[in-house]
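Undergrad: One structure, as structure tokens, below. Some questions next.
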């Protein structure tokens, strides 16, 4: 027996109090005279002799236990050592114990799996191999190394330990442990490592990481566990890919082992398995959310619904994923169940109301959800004002949709009262103040609306909707230059906001004429191509929906220029002006099959349609009908049956003198959109020109009943009544038209989105 360890603090003479050193293999005394650690690092040379499997299993299990116990004991020693160097040395010994314990435990479990498998194959009576359940010290041996490294901030060593644990050949005993390890590594990749600092399992860490851990003690195992090896192995490219791979594997294993039984005796096991699965889904939400893969996230979370009965968190996660991927109707159904599970939470019905008010336009359902929040009263806390806001917006939207003037007036009154109640509860909320101002504008109380909006602008000076509403209010007061200045300022802040640019076109059309407005239309087309070019539409090319030979080019030249007046009537087979020829060239770069168009978001294509139709309207004002027809044709290529396209085709036919064709197109447009007041006005005027005075009167009366603030419809109705000899009624209509026109903005106030 060696007499002493040259590295130790002194000579040990009692054989029952000596132990071999785990670092160098020689003998040393314990660190404290009062603490017996003789067994903590007992590693005899025979421990690593693998000549006989029985000898190996008999010695490696206690060897792993001893290393683990030794590390745990060293870790819990009091920090009474004066030497800082000795303290650092002790920390290195702790990590060394844990690393060797992990390796020994993995080798032991792999050899145990081989022996039990061989034994089972020789005894046919045993149909299944015996499961080996991890003991406390074996489980601690497997995880203490990486846990300690990560706790001390050794990211490199901690990740290396985790990756090696996950690369070892799996045994039945380590399946659940690997789920936990994979979840832990995914958490480290997401929370402690950025994409710039990532290194793959087959590469080396960045030098700055190594410099921080250069003094860390690195050990070499006498025998490492067997690892998965082979050719063409997948290697992640960044931390998100690796985390996603780990979590998808963990999810498949965790959901398989979830306890579905609701028996009382399995309640604790069910709670533990649900908690483990929910933690994995939380990490999946973070991982896929960072890449915007919400469809994939919703599919993953849907698989959790089989064991989510009564689990609010999982239901709510699925609902939010449905919201993120655009499946609003499914999300509302899920949120309705969430309300049942947690009726005292005001945020759940508010989220459902937000969806119903927004994309779904389910106003009755939105009203019900808003009332749920209001009925909570003081329990809703700060969300009570949001409940009144949701209810007020619902009433306002219902007033816009109402077909009877009496119903509209009643709903507008209720909307204003409810929004003012929300303002009383949250007097400093700029969103509430904005919608109070908008509601006042909708009922043409322009001065009061301006006062309220100024209060909102004091809080949020750069809000896009507030600036847009301010410009519309200025235009309603006929201060067009002020309105244009505000719009230009807003576009400077929000250069990609098409709603602002459409308002700018209208203002320029009034102030500077259609030529200047067409320049803005050209800028809008360029902006559309820049923002929504097909090279940026992820999924079109990936899905293979673009046919072979279909080339989509991205060029900067998308021009919309005014034609020369003397070119307007030329007999060219192409569009007769330079502007039209440039439009054809530009549109040829954007035109794709309709099957491809359906792949992108609908808002993308409706915006392009509106730009073309706006350009057509400006060309028609200049009497450049061929160019206008070309623009309408391009819009029709996007949505052939759109009521806007049919309406513009009718206007073009009317300008060409084809009144019967115009009447038919207006009727078709009205069939698609029965509430289109602008369509009704044009149809009524066309019927009047064709001599159908009574029918024209009926159509125009329907228009003013549908939207009582449309001064064009009142003007048209007055002209028809005058032609029929009803002078007094005509005068009333003309006076109403003048009054409404005095407070009419360049675009309806309703273009301001009303949403939570």
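Residue numbers (the UniProt record's numbering): 1 to 756. Yeah, the Cβ is synthetic: ideal placement off N, Cα and C, and Gly gets one too.
Where does residue 671 land, buried or exposed, given buried means 16+ other C-beta within 10 angstroms?
TA: Its Cβ having fewer than 16 others within 10 Å, residue 671 is exposed.
Undergrad: Relative to the C-alpha of residue 471, which residue among 508, 443, 496, 459 is closest?
TA: Residue 471 has its Cα closest to that of 508, out of 508, 443, 496, 459.
Undergrad: Specify whether the stretch 374-391 and the stretch 399-410 touch according to this definition: at least 3 beta carbon pairs, one from each stretch, less than 8 Å apart.
TA: No contact exists between the stretch 374-391 and the stretch 399-410.
Undergrad: Quick check on residue 260: buried or exposed, where buried means 16 or more other Cβ atoms within 10 Å of its Cβ?
TA: Flag for residue 260 reads exposed.
Undergrad: Need the endpoints of the alpha helix (DSSP H) that residue 680 sits in, please.
TA: 677-689 is the extent of the alpha helix (DSSP H) around residue 680.
Undergrad: Quick check on the burial criterion: 16 or more other C-beta atoms within 10 angstroms. Buried or exposed for residue 487?
TA: Buried, since its Cβ has 16 or more Cβ neighbours within 10 Å.
Undergrad: Is the CB-CB distance between residue 185 and residue 159 below 8 Å?
TA: Going by C-beta atoms, residue 185 is nearer than 8 Å to residue 159.
Undergrad: In its own chain, which residues sit with a C-beta less than 8 Å from the C-beta of residue 288, not counting the 5 before and 5 after it?
TA: The answer, listed in chain order, is 244, 294, 296, 297, 300.
Undergrad: Looking at the unbroken alpha helix (DSSP H) that takes in residue 489, where does it start and where does it end?
TA: Unbroken alpha helix (DSSP H) run through residue 489: 480-493.
Undergrad: Suppose you measure from the CA of residue 651 to the CA of residue 632; what does that come to, to the nearest Å?
TA: Cα to Cα, the separation comes out at about 11 Å.
Undergrad: What's the C-alpha gap between residue 334 and residue 357?
TA: Looking at the two C-alpha atoms, the distance is approximately 17 Å.
Undergrad: Tell me residue 227's beta-bridge partners as DSSP assigns them.
TA: DSSP output for residue 227 lists 168 as bridge partner(s).
Undergrad: Quick one: residues in its chain with C-beta nearer than 6 Å to the C-beta of residue 619, no 5 flanking neighbours on either side, listed in chain order?
TA: 627, 628.
Undergrad: On the CB-based measure, 16 or more other CB atoms within 10 Å of its CB, does residue 271 come out buried or exposed?
TA: Exposed.
Undergrad: What does the alpha-carbon distance come out to for the pair residue 150 and residue 234?
TA: Taking the straight line joining both Cα atoms gives about 26 Å.
Undergrad: Please work out which residues of its chain come closer than 8 Å, Cβ to Cβ, to residue 433, disregarding the five sequence neighbours upstream and downstream, and give them in chain order.
TA: Excluding positions up to five away in sequence, the list reads 423, 452, 453, 455, 456, 459.
Undergrad: CB-CB under 7 Å to residue 544, same chain, minus the five flanking residues each way: which ones, in chain order?
TA: Note that residue 544 scores 34 on pLDDT, short of 50, meaning its location in the model is unreliable and no value can be drawn from it.
Undergrad: Give the DSSP-derived three-state secondary structure of residue 315 in the structure shown.
TA: In this structure, residue 315 counts as helix in the three-state DSSP scheme.
Undergrad: Here's the rule I'm using: 16 or more other beta-carbon atoms within 10 Å means buried, otherwise exposed. How should residue 535 be labelled?
TA: Bear in mind that a pLDDT of 36 at residue 535, under 50, signals an unreliable position, so the model cannot answer this.
Undergrad: Assuming residue 106 contacts residue 142 (C-beta within less than 8 Å), just tell me the rounded distance between them.
TA: With a Cβ gap of about 7 Å, residue 106 and residue 142 count as contacting.
Undergrad: Out of curiosity, what's the CA-to-CA distance linking residue 501 and residue 520?
TA: Residue 501 and residue 520: Cα-Cα distance of roughly 8 Å.
Undergrad: Can you give me the start and stop residues for the alpha helix (DSSP H) that residue 501 sits inside?
TA: That run of the alpha helix (DSSP H) goes 498-511.
Undergrad: Can you give me the Cβ contacts of residue 608 inside the same chain, cut-off strictly under 7 Å, excluding the 5 residues immediately before and after it?
TA: The residues are 528, 638.
Undergrad: In three-state DSSP terms, what is residue 612?
TA: Residue 612 falls in the helix class under three-state DSSP.
Undergrad: With a cut-off of 8 Å, do at least 3 Cβ pairs link the stretch 742-751 to the stretch 719-733?
TA: No, because fewer than three Cβ pairs between the stretch 742-751 and the stretch 719-733 fall closer than 8 Å, the two stretches do not touch.
Undergrad: So the alpha helix (DSSP H) residue 344 belongs to, where does it begin and stop?
TA: Taken as a continuous stretch (DSSP letters only), residue 344 belongs to no alpha helix (DSSP H), as it is neither H nor E.
Undergrad: Which word fits residue 229, buried or exposed, when buried means at least 16 other C-beta atoms lie within 10 angstroms of its C-beta?
TA: So residue 229 ends up on the exposed side.
Undergrad: Near residue 206, which residues of its chain fall below 8 Å by C-beta distance, leaving aside the five closest residues on each side in sequence?
TA: Closer than 8 Å at the Cβ level, and outside the excluded window around residue 206, lie 197, 199.
Undergrad: If you measure between the beta carbons of residue 695 and residue 680, is that distance less than 8 Å?
TA: Contact flag unset, no.
Undergrad: Which word fits residue 161, buried or exposed, when buried means at least 16 other C-beta atoms lie within 10 angstroms of its C-beta?
TA: The residue in question, residue 161, is buried, as its Cβ has 16 or more Cβ neighbours within 10 Å.
Undergrad: With distances taken from CA atoms, which of 465, 496, 497, 510 is nearest residue 480?
TA: When only C-alpha atoms are compared, the closest one is 510.
Undergrad: Who are the Cβ neighbours of residue 832 in its own chain at under 6 Å, not counting the five residues just before and after it?
TA: With the chain represented from 1 up to 756, any question about residue 832 goes unanswered, as that position is not in the structure.
Undergrad: Are the beta-carbon atoms belonging to residue 724 and residue 698 less than 8 Å from one another?
TA: In this structure, residue 698 does not lie closer than 8 Å to residue 724 by Cβ.
Undergrad: Our contact map puts residue 809 next to residue 398 with C-beta atoms below 8 Å; I'd like the distance itself, whole angstroms only.
TA: This structure cannot settle anything about residue 809, because the visible part of the chain is limited to 1 through 756.
Undergrad: So, helix, strand or coil for residue 232, using DSSP?
TA: Three-state DSSP puts residue 232 in coil, outside helix and strand.
Undergrad: Going by DSSP in three states, residue 200 sits in which element: helix, strand or coil?
TA: Coil at residue 200, not helix or strand.
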